[in-house]
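Per the numbering used here, the very first residue in the sequence shown carries number 3; after that it's consecutive.
Every residue gets a Cβ at the ideal spot worked out from N, C-alpha and C, and that includes glycine.
Here the structure comes first, spelled out in structure tokens, and everything after it is commentary.
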Amino acid sequence: MDFMKLLKSLEELLYELVSWLLFYPLTMWRSVVAPLSMMRYADSELADRLEDQYDDTLSPPLFLLITLLFSQGLSASLPTIYDPALAARELGSGSNLLIARGVIFGIYPLCMAVTLLRWKRVRITRNSLRPPFFSQCYVAAPFTFVLVLGFDFASMPLEHGLTFGLAIIALATIWYAQAQIRWLMQDLGLGIAKAGLAFSGAFLVATAAAFVLAVLIALEAKTIYPAIT
């Protein structure tokens, strides 16, 4: 009986993994070309029963994590002035590096979700934060993928990809800004100036927090790594 349960679990796992091959690119395409629609979709899906949620896409946090996993793999394959394996070694494993990246880049959807709730004067709780956070993950995933790709090109040896990398970073930021400003205008009824200011404040706070957290994780990893080597 236990063996049959194991087989059933493996069957479900295999189907889930294979289904990502279809639903991941579909989710990415829809998030890039229609970010506002995907954010509204994320909000509406949370009202469904748990088993019916995100039936034709990947769930937002999972979508963000898989995107960061692809980004991590791509970063390791590109030439860089940094040791691509050093971070993974210092954090103990590649999975720990993925978790660290998830926490760092998860600050962007978190800050945007908190901004929305504060403008709406809604008390911030775990339940009230979940819908805007989930919707923001759909926009954060393509943004962080392209952003990290830009940094990867910018850090190539001899500055071969510096100009191209900076252009990619600018493109990612512009796309993210226009999506967020339009989202704030529609959801809060703000004018473009107020929406732009609200986004700029949240974006700067998120970037500063992500940078500080990345530095703290790096410093903590450097103190742990020598102790175990």
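Beta-carbon separation (whole angstroms), residue i vs residue j, contact threshold 8 Å
i      : j      : result
Ala179 : Leu168 : No, Ala179 and Leu168 are not in contact; Cβ-Cβ is about 16 Å, not under 8 Å.
Leu70  : Phe107 : 6 Å
Ile176 : Ile194 : No, Ile176 and Ile194 are not in contact; Cβ-Cβ is about 15 Å, not under 8 Å.
Pro62  : Ala44  : 5 Å
Phe136 : Leu48  : 6 Å
Leu190 : Lys122 : 7 Å
Phe205 : Leu186 : Not confirmed; about 11 Å, so no contact.
Leu8   : Thr29  : With a Cβ gap of about 30 Å, Leu8 and Thr29 do not count as contacting.
Asp154 : Ser77  : 5 Å
Buried or exposed (CB count within 10 angstroms, at least 16 for buried), residue i
i      : result
Gln188 : exposed
Gly152 : buried
Arg120 : exposed
Leu173 : exposed
Ala210 : exposed
Ile126 : exposed
Pro228 : Caution applies to Pro228, whose pLDDT of 49 falls short of 50 and renders its modelled position unreliable; the model cannot decide the point.
Gly203 : exposed
Met41  : buried
Phe65  : buried
Thr231 : Because Thr231 carries a pLDDT of 49, less than 50, the predicted location of this residue cannot be relied on, and the following value inherits that uncertainty. Exposed: under 16 other Cβ atoms inside 10 Å.
Option in the options with minimal Cα separation from residue i
i      : options                          : result
Pro144 : Ser33, Trp121, Gly198 and Trp185 : Ser33
Gln74  : Val207, Leu149, Leu221 and Leu52 : Leu149
Ala216 : Glu14, Arg51, Ala102 and Leu52   : Ala102
Ile219 : Ala115, Leu118 and Leu100        : Leu100
Thr82  : Met158, Val207 and Leu221        : Met158
Lys196 : Gly104, Leu118 and Ile171        : Leu118
Leu24  : Asp58, Ser46, Lys10 and Met41    : Asp58
Ala181 : Gln138, Lys10, Gly163 and Val124 : Gln138
Ala212 : Asn129, Ser130 and Gly104        : Gly104
Asp50  : Ser11, Leu12 and Pro133          : Pro133
Where the alpha helix (DSSP H) containing residue i begins and where it ends
i      : result
Glu47  : Pro37 to Glu47
Gly167 : Leu164 to Leu190
Ser73  : Pro62 to Ser79
Ser137 : Arg128 to Ala156
Thr117 : Ile109 to Lys122
Neighbour flag for residue i against chain B, beta carbons, 9 Å
i     : result
Ser79 : The structure shown has no chain B; it contains just one protein chain.
*Give a yes or no on contact between the segment 18-29 and the segment 95-111, applying the rule of three or more CB pairs nearer than 8 Å.*
Contact between the segment 18-29 and the segment 95-111 is absent: fewer than three C-beta pairs spanning the two stretches fall below 8 Å.
*For the 8 Å Cβ check, are there 3 or more pairs between the segment 132-144 and the segment 25-44?*
Note that the segment 132-144 touches the segment 25-44; at least 3 beta-carbon pairs, one per stretch, sit closer than 8 Å.
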